[in-house]
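Heads up: the sequence shown begins at 1 in full-length UniProt numbering, then just goes up one per residue. All C-beta atoms in this analysis are idealised placements derived from N, C-alpha and C, irrespective of residue type, glycine included. Keep in mind that this is a model prediction, so the values were computed, not measured. First the structure, in the form of C-alpha cells, and then the observations on it.
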Amino acid sequence: MSPDPCSCHLVTSPCGNSARSVLALRTSPSALQVCSALEGELHTWRRNPKAATTVLSDLARNRLPEVSVHVLVFMQVSQVEVNVFHCGAAISACKKAHKWELALGLLQSMSGTRVGADQICCNAAISACAKGGQWRLALGLLGQMPEMNIGLNQISCNAAISACERGGQWQCALHALSQMPGMRLLPGTISFSAAISACGKGGQWQLALSLLSSMPRLRLMTDAISFNAAISACEKGWQWQLALRLLSSMSDMRVSPDTISYSAAISACEKCGHWQLALSLLSRMPYMSIVQDRISCSAAISACSRGGQWQLALTLLSSMPEVRAIPSEVAYNAAITACACENGGQWQLALSLISTMPEMKLISNEISYGAAISACEKGGQWQSALSLLSSMPDMRVIPNEIACNAAISACAKGGQWQLALSLLSSMPGMSLVSDVFSYNAAISACSKGGQWQLSLTILSSMPDMRIIQDEISCSAAISACETGAQWQLALGILSRMPDMKVFPNKISHNSAISACAKGGQWQLALRLLSSMPDMRVVPDVISYNAAINACDKEWQWQLALSLLSSMSDKWIVRNEISYSAAISACSKGGQWQLALSLLSNMPDMNAIPNEISYSAAISACEKGRQWELALSLLSSMPAMKVIPNKISHCAAISACEKGGQWHLAMSLLSSMPCRRIVRDEISCNAAISACEKGVQWQLALSLISSMSDMRVSPNEISYNAAISACENGGQWELALSLLSSMPDMNVIPNEITYSAAISACENAGQWQLALGLLSSMPDMKVIPNEISYGAAIRACDKGGKWQLALSLLRMPASSLVSHDLICNSYTPVISACERAGQWAVAVSLLGEQSVAVLQLLEEVC
C-alpha cells in the first residue's frame with residue numbers, strides 16, 4: 001500500500017512505524033483518532049515505555065504539540081508508564097511550535113503525577129516562553145527551579161536571557177547574565193550573544209559593544225552570532241562606522257562573516273543614507289563566498305531608496321532572481337518607496353510595481369500602498385492617489401494615517417482643496433487619527449487653492465483637536481495669506497508664533513516677506529529681512545529674492561540693486577530669480593541700461609538667464625523706447641538655449657509700438673503661431689496700438705475683427721486702440737461704430753474709449769456728436785475726465801460755438817490738474833471767442849489761464 005502523500009514531508013525515526021501511523025493523521029487529529037492509531041502499540045509500550053519516547057520525539061521534531069498531549073493522555077489512560085522523558089519530549093514539541101501555554105500546562109500537570117519535572121523539562125518550558133515572547137513567565141520559571149529542587153544550568157539562563165531579548169528587556173537580560181557567576185554558572189558564548197542582541201534591540205549599542213569586547217577577557221570565543229548581534233546593535237543605533245569596523249574585524253578574530261553579518265552592515269549604511277557603501281558591501285558578498293539573500297538585497301534597495309537612487313533600486317530588484325534571492329514584500333516596498341523619493345517621482349513605475357506584486361505571490365500591505373500613493377503625490381497625480389486609497393479595502397488592506405496623509409498632500413499639490421478637506425473630515429470614520437501631518441497637508445491644500453480663510457480656520461482648530469501646531473502649519477497658513485494678498489494676517493501669524501511655542505523659521509519669514517511684496521509693502525518686507533538674524537534665522541536666496549521682488553513691484557530699483565549686491569557679502573549665491581527680479585525693477589524704473597548690464601553679467605555669476613530674465617530686459621528696452629535692442633534680445637534667446645515665450649514677444653511688440661515700428665510689430669505677431677506661441681489679448685493689443693501710432697487704421701480694424709479667429713476676446717484696451725487708430729485716420733464714423741458695438745461684445749467702454757471717440761468727432765468737425773457723446777457718458781456710468789472735456793471743447797471751437805465751449809470750461813467736472821490740460825482746454829475756448837469777436841471774454845480767459853498755471857506751479861513747488 002502506498003504511503004499517504006500528505007505525510008511525505010514528515011520526519012520520523014528509523015523505527016517509527018507507530019509514529020508514522022500517528023503522523024498520517026495529519027496535524028489536528030482528535031484524541032479518539034490518536035487512540036485508534038496507537039492501540040496496536042499498547043503491548044509493546046507497557047513492556048518497554050521507551051518506545052513511546054521515540055514517538056513523542058518524532059512528534060516534537062514535526063512540531064505537533066497537541067498530538068503529543070493526546071499521546072500522553074492515551075498512555076495514562078492505558079496504564080502505560082509515563083516518565084520524565086515522555087513529558088520532556090512533549091514540552092519540547094510545545095517549545096518548537098511556540099505553544100508556551102501548552103508547555104506550562106504540561107509542566108504544571110507533572111506535579112500532580114508521580115513524574116517530577118527535571119532540568120530538561122524546565123529548560124524546554126523556559127525556551128517555549130522565550131519563543132512566545134513571555135519574558136516575565138520565563139524569569140518566573142527560572143526563579144522557581146531552585147524551589148522545585150531543580151538545579152540551574154547554562155541552558156536555563158541562556159533561555160531566560162533569550163526571553164528577555166525577545167521581549168525587549170535589555171536590563172533584565174543583563175541582570176540575568178550578571179547573576180550567573182553567583183549561581184556557579186559560567187556564562188558562555190550563547191549567553192553573551194543573547195545579551196548583546198537584547199542590548200541591540202533596546203538601542204544600547206554601547207553596552208552591546210562592551211559585552212562583545214569583554215568576551216576575550218573571559219576566555220570566551222566570539223562567533224558569527226555574537227558579532228552579528230553587535231553589528232545589528234550598531235545598525236539600530238545609527239552607528240554605521242562601528243558596524244563596518246566590526247565587520248572588517250571579524251576575520252582578525254578568525255570569525256567568518258555570513259549573510260546575516262553583511263545584511264546587518266548594509267542596513268546600518270542604509271539607515272544613515274550611505275547607499276554607495278551599501279552597494280559596495282552587497283557586491284563584495286559573492287567574492288567572499290557569501291550568498292546574497294532577500295534580506296541583504298532588500299536592505300540595499302532601501303539604501304538606494306533613502307539616497308534617491310530609484311534607478312539603482314529597480315535594477316537591484318530586477319536582478320534578485322539572478323542571485324536566487326526571491327523578492328519579498330520588504331524589497332518591493334523599498335523599491336516603491338524609491339519611486340516616491342524627491343529625486344524620483346516615478347509614479348508610473350510605482351503603480352507598475354504594486355500591480356505586479358500579486359503575480360510574484362506577494363501581498364501588498366499598507367506600506368506598499370502608502371509608498372505608491374506618495375509617489376503619485378510627488379508626480380502630481382491626485383486622481384491615481386485617490387484611486388489607490390479607495391482600492392485598499394478591496395485588497396483587504398486597511399488604510400492608515402500615512403496613506404491618507406499622502407492622499408491629502410496629493411490633493412493639495414493638484415489644487416483639489418475640497419477633496420483634501422473631505423479626506424481630512426473622513427479620517428475619524430475610517431478609525432484613523434488625524435495628526436499634524438494631516439492638518440498641515442490640508443492647510444497647504446487650501447493655500448494652493450486660494451482659500452486663505454479656510455487655511456486660518458484649520459490652523460486655529462488644531463489646538464481643539466489636541467494637535468500641536470508646528471513650523472510647517474504656521475508657514476503654510478502664512479503662505480495662504482500671501483496667496484490671498486492678506487499681508488496683515490501673514491504678519492499677525494508670524495508675530496504670534498512664539499506665543500504658540502513655535503519658532504519662526506526660514507520658510508515662515510520667506511512667506512511673510514512674499515506676502516508683504518504682494519501687498520505692496522516693500523518697507524515691511526525689508527524690515528522682515530533685516531530682522532531675521534535677530535530671530536536666529538539665517539536669510540537665504542529665497543528671502544532675498546522675495547525682498548527684491550517687493551522692491552520691483554513698488555518701483556524701488558535702487559533698493560533692489562542694493563539687495564542684489566549685498567547677497568554676495570552674506571555668502572548667498574544669486575540665482576536667475578534674483579537677477580530677474582532686479583532686472584524687472586530696473587525696467588519699471590526706466591533703467592534699461594542697468595537692466596541690460598545685469599542680464600549680460602548673469603553668466604559670469606553662474607546664473608543662467610531664463611525666459612523671465614530676458615522678458616524683463618526686453619520690457620526695460622520697451623519702456624526706454626529701445627526697440628532695436630528689444631528685437632536683438634529676442635533674436636538672441638535661442639542661441640542662449642532660451643525659448644522665447646508669450647511674455648517676451650508681447651514686450652518686443654510693445655517696444656516696436658513705442659518706437660513707431662508698426663510693420664515689425666505685425667511681423668512679430670504673425671510669427672508667434674509658427675513658434676508655437678499662443679497669441680493673447682496683450683500681444684494683439686500691442687500690435688493694434690502699433691497700428692494706431694502708425695496711422696494704420698485699416699490694419700487695426702482687421703486685427704480686432706480677426707481676434708475671434710485667434711480665440712482671443714477683444715477687451716476695452718483693444719477697442720480703445722482701434723478707436724484711436726480710426727481717430728488718427730480721420731475715420732470718425734468707424735470710431736463711433738466701434739464704440740456702439742462694444743456692449744454687444746460684452747466690453748464696457750471707459751473714459752479713454754469715449755475720449756478717443758470724442759476726439760475723432762472733434763477732428764472731423766462733428767461738434768454735435770462730440771457733445772452728444774460727452775453728455776451720454778454718465779448714463780453709461782463713465783465719469784468724463786479732463787481729456788473728454790478738452791476734446792469736446794476743441795470740437796466746439798472748430799464748430800464756432802464759443803458759448804458752448806465756455807460753458808464746458810466752467811463745468812465743475814472739468815477741473816484741470818496739469819499744465820498741458822490747462823493749455824489744451826483754455827486755448828481752444830480763447831480761440832473760439834477770438835474768432836467770434838468776443839475780445840473781452842478772450843482777454844479774461846487768458847488771465848484766468850495765467851492764474852491757473854501759477855496756482856498749479858505753487859502746488860507743485
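8 Å or more divides the Cβ of Leu177 from the Cβ of Ala159. DSSP places Lys413 inside the alpha helix (DSSP H), whose first and last residues are Glu401 to Lys413.
Taking C-beta atoms under 8 Å as the contact rule, Asn575 and Val541 qualify, at a distance of about 6 Å. Contact check for Ile363 against Glu329 passes: the beta carbons are separated by less than 8 Å.
Here Thr44 is exposed: its Cβ has fewer than 16 other Cβ atoms, across all protein chains shown, within 10 Å.
In this structure, Val291 lies near Thr259, with their beta-carbon atoms less than 8 Å apart. For Thr827, the secondary structure class from DSSP, reduced to helix, strand or coil, is helix. In the same chain as Val436, and ignoring 5 residues on each side of it, the C-beta atoms closer than 8 Å to its own belong to Met462, Ile467, Ile468, Gln469, Asp470, Ile472 and Ser473, in chain order. Short of 6 Å from the beta carbon of Trp487, and not among the five residues preceding or following it, lie these beta carbons of its own chain, in chain order: Ala515, Cys516, Gly519 and Gln521. In the structure shown, Asp464 falls within a helical segment according to DSSP collapsed to helix, strand and coil. Counting along the chain, no alpha helix (DSSP H) covers His98, and no H or E run does either.
When the beta-carbon positions are compared, Ile150 and Ala125 stay at least 8 Å from each other.
Take Leu769, set aside five residues on each side of it, and the residues of its chain with a beta-carbon closer than 6 Å to its own are Cys761, in chain order. For the 8 Å CB-CB criterion, Ala690 and Ala665 form a contact. Remark: C-beta atoms of Ala764 and Leu739 do not approach each other more closely than 8 Å. In the displayed model, Glu81 falls within coil according to three-state DSSP, outside both helix and strand. Judged by DSSP in its simplified three-state form, Trp45 adopts helix. For Asn158, the three-state secondary structure derived from DSSP is helix. Sequence-distant Cβ neighbours of Ile647 in its own chain, meaning closer than 6 Å and more than five residues away, are Ser615. In this structure, Glu622 lies near Ala651, with their beta-carbon atoms less than 8 Å apart. Separation of the CB atoms of Leu424 and Ser438 is rounded to 6 Å, and the pair is thereby assigned contact status at 8 Å. Cα atoms of Gly590 and Ser530: separation of roughly 27 Å, rounded to the nearest angstrom. Your pair Ile295 and Ser263 checks out as a contact, with CB atoms roughly 5 Å apart and the cut at 8 Å. Residues Pro399, Asn400, Glu401 and Cys404 of the same chain have their beta carbon placed closer than 8 Å to that of Leu432, with the five preceding and five following residues left out of the count. Under the criterion of beta carbons closer than 8 Å, Met320 and Ala331 qualify as touching, at roughly 7 Å. Each residue's CA atom was taken as its position, placing Leu491 and Ile478 some 8 Å apart.
Restricted to the stretch 638–681, not a single beta strand (DSSP E) segment is unbroken, complete and at least 3 residues in length. Minimum Cα-Cα distance from Gln206 among the listed residues Ser193, Leu524 and Cys234 corresponds to Cys234. By the neighbour-count criterion, in which a residue is buried when 16 or more other Cβ atoms sit within 10 angstroms of its Cβ, Ser390 is exposed. For Arg284, the number of other beta carbons within 10 angstroms of its own is below 16, and it is reported as exposed.
When C-alpha distances from Cys269 are compared across Pro286, Gln241 and Asp293, the shortest belongs to Gln241.
Here Cys157 is not near Trp135, since their CB atoms are 8 Å or more apart. Less than 8 Å separates the beta-carbon of Ala795 from that of Trp767.
Ala371 places its beta carbon 8 Å or farther from that of Glu377. Sorting Pro216, Ser256, Cys87 and Leu279 by C-alpha distance to the C-alpha of Ile225 places Ser256 at the top.
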